[in-house]
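Chains as they are written, first to last, in the numbering used here: chain B, 5 to 325; chain G, 5 to 325.
Below, the structure is given as structure tokens:
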């Protein structure tokens, strides 16, 4: 596996690899929010992407860039979330065998969706087994290639194609708000913005309870934290990546945080006013913008909605909160 | 008020009048549904239209086509639903004073949204007062122009622009499933399909409990029914219109019905798999297609999602059902 830090040319290449396989997701607007913030707000809807999240972009780009030999041997990923489905669907589309290592108590809907894309599921016990070890043994014993969820140049480049499209569609922006976990989406977005809207202030947004990224950004080195507790279950990474952090350190304007209450409020706004389902993690950028974590008045701002995969009963609970 | 039955040229004119005022709403697809039905299904997302429903199209077209004198005097509409918001927003955008007659117990969110668009609200008591009489007295005493919710050529032509766009974007279809209340959307859709995809079988879909349209279609004359009871609150019209019925009678392939349970099932599908909020009425066409009310196997079919305005706690209840 290469550990080269990707550049904008890799995003251009990823766009070609993705071609029509990924949806060019719509950009929506809301007069109500424009008025409330006295700004012009554009929402890039990656919740409407295949598998319901931007992760399809990076997953597909990574699997597509494997050598013929690697593709023949198959891939493995460990994830209980959107990355698993991304690798499963990408592999199916590319005719590659995929193995997903998932906890045996993962939500039935997610297991079914992943299996529905034709992946083999290897389950493990969260209490007694280590998913990385299981994945590594599959790599060693069966020659599978491990596709990590964010710290990989092809994954980062693939994720960056969302903001590349976004800026191509709406033109330069004053500010961009991007959900952040391990930093794959944010670092890809930074490369896109640097090339297409270099004056744009790009903010990564993470849950207040899991602000390792903010700590890392301010300290200038990767800070690891204990497993955080937030409804933003796609942003619970305990530390940024070796490839994502240098890009974030160099190009991000700042890392902002939001509370779970602000995420719920944003989710309700999207359901009532914009008629879209956005998962808690997908609301991170929006919640920072809506609560004016930085001034946005009079600006043209972009908000990336990263995903919409939320358990139905949990979602109903958030709406009724 | 003209009572001329509109033709396709009126849709072409309405498209020009609407210009960029209405969103060209996205067309989404779902691999899961394609597989389930063994068909290629396209969803036209009018839930993502301004005010959250296709009604903006007809409302705007009707207000825009008034004479200078009529616009100066102002307009009136009676509705507790999407038509009220459509007329309120259209009027605001066109600099016309709008009065909306609403029941005093209308949901606070709807009243607030309508007022937010700058409309004057006249409330009435459902038990003791008649909204049509109130509206008519405003017409006579204040010279306002009444914009009816469906039985008006400019309203029909405006609604028809949704399917016009849809067919322009995806090409000819084998079948189209359209929600139906008073028939404004369906009759406009029929005119669009007749011009752009003449072999397409176009179905109107209404709630089983309020099947006046089906009865009328089969009998060949307008049948009126008692107020029906369904969660599809935008399709509770008690009879088709004098302008909408002749178009439906001539061009519709059939009128289909679905149950409330099928609407809930469709709502849940849209939330979980497609990440969009669709109101019960908006799911009518989808529910007919999903349950194969007519055979769709091997076909290219279009489903119009007419709106997404549903009270948040009611919606949460549907998702948890």
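No residue lacks a Cβ here, since even glycine has one placed at the ideal position from N, Cα and C.
Whole-angstrom distance between residue j and residue i, CA atom to CA atom
{"i": "residue 170 of chain B", "j": "residue 220 of chain G", "result": "48 Å"}
{"i": "residue 206 of chain B", "j": "residue 194 of chain G", "result": "47 Å"}
{"i": "residue 5 of chain B", "j": "residue 160 of chain B", "result": "Reliability fails at residue 5 of chain B, whose pLDDT of 48 lies under 50, so the model's placement of it is uncertain and no value is given."}
{"i": "residue 324 of chain B", "j": "residue 323 of chain G", "result": "11 Å"}
{"i": "residue 256 of chain B", "j": "residue 234 of chain B", "result": "23 Å"}
{"i": "residue 311 of chain B", "j": "residue 122 of chain B", "result": "22 Å"}
{"i": "residue 114 of chain G", "j": "residue 317 of chain G", "result": "14 Å"}
{"i": "residue 287 of chain G", "j": "residue 277 of chain G", "result": "14 Å"}
{"i": "residue 177 of chain G", "j": "residue 125 of chain B", "result": "38 Å"}
{"i": "residue 141 of chain B", "j": "residue 69 of chain B", "result": "23 Å"}
{"i": "residue 7 of chain B", "j": "residue 41 of chain B", "result": "41 Å"}
{"i": "residue 96 of chain G", "j": "residue 308 of chain G", "result": "27 Å"}
{"i": "residue 155 of chain G", "j": "residue 91 of chain G", "result": "15 Å"}
{"i": "residue 321 of chain B", "j": "residue 320 of chain G", "result": "7 Å"}
{"i": "residue 217 of chain G", "j": "residue 251 of chain G", "result": "12 Å"}
{"i": "residue 129 of chain B", "j": "residue 139 of chain B", "result": "14 Å"}
{"i": "residue 166 of chain B", "j": "residue 27 of chain G", "result": "21 Å"}
{"i": "residue 150 of chain G", "j": "residue 80 of chain G", "result": "5 Å"}
{"i": "residue 264 of chain G", "j": "residue 237 of chain G", "result": "11 Å"}
{"i": "residue 21 of chain B", "j": "residue 64 of chain B", "result": "8 Å"}
{"i": "residue 162 of chain B", "j": "residue 196 of chain B", "result": "11 Å"}
{"i": "residue 39 of chain G", "j": "residue 222 of chain B", "result": "49 Å"}
{"i": "residue 164 of chain B", "j": "residue 153 of chain G", "result": "45 Å"}
{"i": "residue 73 of chain G", "j": "residue 290 of chain B", "result": "44 Å"}
{"i": "residue 120 of chain B", "j": "residue 249 of chain G", "result": "44 Å"}
Residues that residue i contacts on chain B, provided the C-beta gap is smaller than 9 Å
{"i": "residue 127 of chain G", "result": "The contacting residues do not exist; residue 127 of chain G stays about 22 Å from chain B at best."}
Among the options, nearest to residue i - alpha-carbon criterion
{"i": "residue 83 of chain B", "options": "B:297, B:136 and B:165", "result": "B:136"}
{"i": "residue 213 of chain G", "options": "G:165, G:260, G:121 and G:149", "result": "G:260"}
{"i": "residue 198 of chain G", "options": "G:7, G:8 and G:15", "result": "G:15"}
{"i": "residue 147 of chain G", "options": "G:105, G:165, G:95 and G:76", "result": "G:76"}
{"i": "residue 116 of chain B", "options": "B:138, B:93, B:51 and B:21", "result": "B:93"}
{"i": "residue 19 of chain G", "options": "G:152, G:178, G:120 and G:192", "result": "G:192"}
{"i": "residue 4 of chain G", "options": "G:231, G:209 and G:179", "result": "Outside the shown range of chain G, which is 5 to 325, sits residue 4 of chain G, and nothing can be said about it."}
{"i": "residue 157 of chain B", "options": "B:12, B:314, B:319 and B:308", "result": "B:12"}
{"i": "residue 204 of chain G", "options": "G:88, G:152, G:181 and G:295", "result": "G:181"}
{"i": "residue 89 of chain G", "options": "G:264, G:295, G:106 and G:73", "result": "G:106"}
{"i": "residue 267 of chain G", "options": "G:29, G:249 and G:294", "result": "G:294"}
{"i": "residue 24 of chain B", "options": "B:61, B:9 and B:39", "result": "B:61"}
{"i": "residue 45 of chain B", "options": "B:315, B:215, B:320 and B:292", "result": "B:292"}
{"i": "residue 211 of chain B", "options": "B:297, B:253 and B:163", "result": "B:297"}
{"i": "residue 31 of chain G", "options": "B:39, B:47, B:53 and B:10", "result": "B:53"}
{"i": "residue 145 of chain B", "options": "B:118, B:78, B:163 and B:162", "result": "B:78"}
{"i": "residue 275 of chain B", "options": "G:39, G:51 and G:29", "result": "G:51"}
{"i": "residue 49 of chain B", "options": "B:29, B:247 and B:152", "result": "B:29"}
Beta bridge counterpart(s) of residue i as assigned by DSSP
{"i": "residue 106 of chain G", "result": "G:127"}
{"i": "residue 10 of chain B", "result": "Answer is none; residue 10 of chain B lacks a bridge partner."}
{"i": "residue 209 of chain B", "result": "B:183 and B:260"}
{"i": "residue 311 of chain G", "result": "G:57"}
{"i": "residue 93 of chain B", "result": "According to DSSP, residue 93 of chain B bridges with nothing at all."}
{"i": "residue 81 of chain G", "result": "G:104"}
{"i": "residue 306 of chain B", "result": "B:46 and B:180"}
{"i": "residue 143 of chain B", "result": "Partner(s): none; residue 143 of chain B has no beta bridge."}
Contacts that residue i makes with chain B (C-beta to C-beta distance below 7 Å)
{"i": "residue 30 of chain G", "result": "30"}
{"i": "residue 123 of chain G", "result": "Simply none; closest approach about 15 Å."}
{"i": "residue 279 of chain G", "result": "51, 52, 56, 280, 281 and 312"}
{"i": "residue 324 of chain G", "result": "317 and 320"}
Contact set between residue i and chain B, taken where Cβ atoms lie within less than 8 Å
{"i": "residue 306 of chain G", "result": "Ordered by position in chain B, no residue passes the 8 Å Cβ test against residue 306 of chain G, which lies about 18 Å from the chain."}
Per-residue contacts from residue i into chain G (C-beta, under 7 Å)
{"i": "residue 272 of chain B", "result": "316"}
Amino acids of chain G, ordered along the chain, whose beta-carbon sits closer than 8 Å to that of residue i
{"i": "residue 275 of chain B", "result": "281, 316 and 319"}
Within chain G, the residues that residue i reaches when beta carbons sit closer than 9 Å
{"i": "residue 180 of chain B", "result": "Within 9 Å Cβ-Cβ: nothing; residue 180 of chain B doesn't reach chain G, min ~21 Å."}
For the stretch 298 to 315 of chain G against the stretch 100 to 107 of chain G, are there 3 or more C-beta pairs whose distance is under 8 Å? no
Does the stretch 106 to 114 of chain G touch the stretch 170 to 189 of chain G, meaning 3 or more C-beta pairs lie closer than 8 Å? no
I'd like to know if the stretch 280 to 290 of chain B and the stretch 237 to 247 of chain G are in contact, where contact means that at least 3 CB-CB pairs between them fall below 8 Å. no
On the three-pair Cβ rule with 8 Å, is the stretch 77 to 96 of chain G touching the stretch 110 to 129 of chain G? yes
I'd like to know if the stretch 220 to 230 of chain B and the stretch 261 to 280 of chain B are in contact, where contact means that at least 3 CB-CB pairs between them fall below 8 Å. no
Is the stretch 123 to 134 of chain B in contact with the stretch 27 to 47 of chain B, if contact means three or more CB pairs nearer than 8 Å? no
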